[in-house]
Each structure stands twice: as C-alpha cells, then as structure tokens.
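Note that the sequence shown covers residues 1 to 536 in UniProt numbering. Using N, Cα and C, we set each Cβ at its ideal position, and we do this for glycine too. Predicted, not measured: the structure shown is a model, and the values here were computed from it. Report on the structure given below.
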Amino acid sequence: VLKHLRHLNFTNNMGEQVDFDEFGDLVGNYSIINWHLSPEDGSVVFEEVGHYNVYAKKGERLFINENKILWSGFSKEVPFSNCSRDCLPGTRKGIIEGEPTCCFECVDCPDGEYSDETDASACDKCPEDYWSNENHTSCIPKQIEFLSWTEPFGIALTLFAVLGIFLTSFVLGVFTKFRNTPIVKATNRELSYLLLFSLLCCFSSSLFFIGEPQNWTCRLRQPAFGISFVLCISCILVKTNRVLLVFEAKIPTSLHRKWWGLNLQFLLVFLCTFVQIVICVIWLYTAPPSSYRNHELEDEIIFITCHEGSLMALGFLIGYTCLLAAVCFFFAFKSRKLPENFNEAKFITFSMLIFFIVWISFIPAYASTYGKFVSAVEVIAILAASFGLLACIFFNKVYIILFKPSRNTIEEVRCSTAAHAFKVAARATLRRSNVSRKRSNSLGGSTGSTPSSSISSKSNHEDPFPLPASAERQRQQQRGCKQKVSFGSGTVTLSLSFEEPQKNAMANRNAKRRNSLEAQNSDDSLMRHRALLPLQ
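What follows is the structure, given as structure tokens:
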C-alpha cells in the first residue's frame, strides 16, 4: 500500500486536494476539535482547540490550547485511561482472571528475584551468590558467615585457647625446673612431659576451627584434635596402669621394672596413638573433608563450613577416644586408694568424668546446630575437656611444688607409701581375723581375737637403746612421720622413721631393732608392700 500511496493524489468530495508525501503521510492542514457538552441542553458542541499545519516549520506544526480542552465533555482533569496503573520496578504484571490482557495487577517480586524496569512481565532470578535487595530492584552479594576471628564469640574462644596454651606452658616450665623433686618423679616425669605436650596440641588444635574454613584447615583440624586427645589419654592410661600393676604385684622384682620400663611405656603410648593415626589416614584417603559453601540453610546467607566427608569416620575418631577414656577411667577408679604421691587417681577419675560429660553433651549439640555454631560447639568441647584434664591432673601438683614445698620431700613420699602398705596389711589381717573368728564360732570353739588386738602399730617392748631426748626430737622432725590409718571401728597411728647411712652406729642399731620388731608384728602382705620402697 505504501508504494502506491507515494504516487497517489486526488480531490475529495469537498473539492480539496489530497496528496501523500514520500513517506506515505498526508500532506495537508488539520483542525483539532474537542467535543463539549452544552450546559443548556447537554447537546454536543464542537470546539476547535488547535490545529496541525504540515507546511509549517518543524516544532511549530502542532498547536493545542489545553485550556480549552474539556475531558468527558465537562472536566478539565485528564482521566486515567488505562485499565491498570503502571507496575514500578521491583514488581511484575500479574494476570487478573476474567479481565482483558490490558488489565493486570502489580505483584511484588519474590525473594531472590528482581525487576529493574516498569511494567515488567516477569522477575529475573538473582545469581547463586547474590540475593535481592529490600525493594527487589537489584541483586546484592549474599552475607557470608563463619566463625570469624574478629567477632566477639571467636575472640572469646581464641582467648580461652591462648589461656590454655599459656597455663600448660607454665605447668611444663614448673615441672622442668623442679624435675628432680619427689613429686615430679613420682608422677612419671617423662610421661608427664609428653602429657603436657599433648595438652598443648589439644589447645592449639581448637584454633583450626576458627576463621574461614579452607580445604587444608578442614582436613587438618579433626585429625589434629583426635590424635592430640588420644595421645593425652594414652599417657594417662599408661601412667595409671603402671603404678597400679607395680603396687598390686606380689613381688615387685626387677622383671616388673624391666617390663614397665620407660621404653615400653612410650611404645604403648605410640601404639594407642598409632591406631588413631590409621583411622585419620583412612578417612583422609577415602573421604577427605573439604570447605563447603552452604546456600540451603538460609536464603540470604552463605555459611562456609567444613564438609566432613564421612560422619562414620568422625564417629570412629571420637568413639576410639572415648573408649580409651573409659579404660583409663576404669584403671583410675581401681587405683584411687593408692598413695596420692604416686598416682593422682582421684583427680584422673574426676577428669575422665568431665571428659565423658563434655563429649556426651557434644553429640546432641553437634547434631542440632548448623552453620558457624557447629565449629563453635566443637571448640567449646575441646577447650572444656582440655581444661578439665589440665586442672585435675596438674594444678594440685603445681600447688604443692610452689606453695607447699614441705610436702615435696622424699620423707613425705616414703611415709605415704608406707602408710598405704600398713593399711593394706591391716585390712588383710582383719579379714583373716574375722574369718578365723567366724570359723571358730561355727565350730563352737573359743572366741577369736578382736580386730583391734590383732594389729598394732607400736611394739610393746621398750627400746633397749634409747636415744637422748633432743636427738630423738631432731630425728623425728627430720626423718620421722606419723600417719593415722582408719579402718573398721578404730584408728591406728603409724609411726615411721627413715635413717640415712651416714647416721651414727647407735642410731643405725636402734633402727634395725625397730624394723625387726615391726617385721615380727606384721604379716607377709606388709612385707610385700614394704618392698616397694626401694623400687619407688
């Protein structure tokens, strides 16, 4: 049609020439008429409000006098002529059922989608690492969360870890400085050093859980934690078991000393730790942990966590640690009545109870948390268990070394050991006495001796070689000790003395006579435990 219009011209019924230009547009002048409603009779009145002159200059061809325009025949306000208003950015056009397509409603873009234009027919989805802003007009980067070094929670955990490292280093320094004192020697000095080193590793391993998780930190933190704790508990287990076997041995010969020598102790610690190392190696080879960006927990937040790779491997790691702790708890509880100079069994028992409470509480807490709080829960568990072991096992020793040096002497150690030996012998004798009395009663015989008459801590014979009063007091102050042993229905006071080879002949002769009298009044169990004195 356009091709023919370019060459078409004619005269209309009114005698006007009608022409088309090269673009197919009409060439002519137009009057712009506005329909008005007459105020008298409501008839339509045609009012000229402007014109269009095609021969005028550009920009002057159209003229409209807007003051003369009446809308709807009588109003000067321009009416809204669309079925629906424009949809602003952040919204989209929604179809209204039963209405024409030009009629629509404006629907807000859902979270994660945006629109940046007017009357958008659909909202665009934000990229994976982005999220829509509050007005849904654009996308902004998602918030990234992990247990950061700079947040208050991360700072608090870091300070506790550093405090644990400092306290452990302080205890290690005290044990190194006083390494030749009886308390340090009695607690198996070399294994104590290794135990303190493992506690340093435990506190240090908690720092791998803080900060943005990387692949290397994810693969290092769980094995570091597991191996450190197994090394720690293995040292406690070997220490406790060694002292228990030595004290319960019928005859503590050189075979026991050789069997429980230092090399074998370290070998047992290595074997226990090696099992954990094998578990970690298999874990890292088959299903290594890695850094993971979790978009599923919350839409507008990316949680950077460590994907453990295999929860079964993590279960084996913690389970083996708890198994060793259970065995250690058994031996510690069994040896709780040994002389405390040789074994802090009561404190080890309490520390193992803390250990179990911490890790039993850890399992439901670990399963019910998400995001950065998973790492926080594990850090808290590591620090709590480590502080429990450090405080229960070493703080009492450090207190004696620094503030009670009078108890850190060889005489105190000997007195404690001898008192334990006497207590064991007394109980054994009481049991035999009770059995003998019951047997004699059943046979209708005479009444057996009472328990109080079968045990005596002092000889009824006078010392044929008494020392001067001043020398006796000095000897008791320097080498003597008294222990009260309670059993049955009474209390026995045990007086012990230890003489050096350099004493004069008279004192040596008195000591030999006292020892011979004590040997006559005690049974073979007492002699068996006295044999432990030179061993320890």
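- The beta carbons of residue 102 and residue 114 sit no closer together than 8 angstroms.
- In the displayed model, residue 429 falls within a helix according to three-state DSSP.
- According to the DSSP assignment, residue 293 belongs to the beta strand (DSSP E) that extends over 290-298.
- For residue 188, there is no enclosing beta strand (DSSP E), as DSSP gives it neither H nor E.
- By the Cβ criterion, the segment 203-215 is not in contact with the segment 178-185, since fewer than three pairs of Cβ atoms, one from each stretch, lie closer than 8 angstroms.
- In summary, residue 276 is buried, with 16 or more beta-carbon neighbours lying within 10 Å of its beta-carbon over all protein chains present.
- As computed with DSSP, residue 139 is found in a beta bridge with 132.
- Restricting attention to 437, 434 and 165, the CA atom closest to the CA of residue 391 is found in 165.
- Within the model, the alpha-carbon separation for residue 407 versus residue 266 is close to 29 angstroms.
- Contact between residue 206 and residue 383 is confirmed by a C-beta separation of about 6 angstroms, below the 8 angstroms threshold.
- Here residue 221 has 205, 208 and 209 as same chain residues with Cβ atoms under 7 angstroms from its own Cβ, once five neighbours each way along the sequence are excluded.
- Spatial neighbours of residue 176 in its own chain (CB-CB distance under 6 angstroms, excluding positions within 5 residues in sequence) are not present.
- Distances from the alpha-carbon of residue 69 to those of 47, 80 and 81 put 47 closest.
- Note that the segment 348-363 does not touch the segment 134-142; fewer than 3 beta-carbon pairs, one per stretch, sit closer than 8 angstroms.
- Judged by pairs of C-beta atoms under 8 angstroms, the segment 428-435 does not touch the segment 216-232, as fewer than three such pairs exist.
- Rounded to the nearest whole angstrom, the CA to CA distance from residue 271 to residue 278 is 11 angstroms.
- Contact annotation: residue 128 and residue 295 have beta-carbon atoms nearer than 8 angstroms.
- The C-beta separation of residue 90 from residue 137 comes to about 5 angstroms, placing the pair in contact by the 8 angstroms criterion.
- In terms of Cα proximity to residue 45, the closest of 31, 358 and 73 is 73.
- The alpha-carbon of residue 393 is positioned some 44 angstroms away from that of residue 298.
- Remark: C-beta atoms of residue 180 and residue 239 do not approach each other more closely than 8 angstroms.
- Note: residue 306 is bridge-paired with 291 in the DSSP secondary-structure output.
- The alpha-carbon of residue 169 is positioned some 24 angstroms away from that of residue 353.
- Cβ-Cβ distances below 8 angstroms link residue 77 to 71 in the same chain, with the five nearest sequence neighbours on each side left out; the list follows chain order.
- For residue 98, the secondary structure class from DSSP, reduced to helix, strand or coil, is coil.
- A direct Cα-Cα distance of roughly 11 angstroms separates residue 191 from residue 263.
- The beta-carbon distance between residue 291 and residue 304, rounded to whole angstroms, is 6 angstroms. This is short enough to meet the 8 angstroms contact definition.
- The beta-bridge partner set that DSSP reports for residue 125 consists of 113.
- The C-beta separation of residue 230 from residue 320 comes to about 7 angstroms, placing the pair in contact by the 8 angstroms criterion.
- Counting along the chain, no beta strand (DSSP E) covers residue 206, and no H or E run does either.
- With at least 16 other beta carbons inside 10 angstroms of its own, residue 378 counts as buried.
- Bounds of the beta strand (DSSP E) holding residue 105 are 104-108.
- Judged by their CB atoms, residue 100 and residue 83 are nearer to each other than the 8 angstroms cut-off.
- In the DSSP assignment, residue 18 falls outside any alpha helix (DSSP H) and lies within the beta strand (DSSP E) extending over 17-20.
- Residue 404 has its alpha-carbon roughly 47 angstroms from the corresponding atom of residue 368.
- Judged by DSSP in its simplified three-state form, residue 33 adopts strand.
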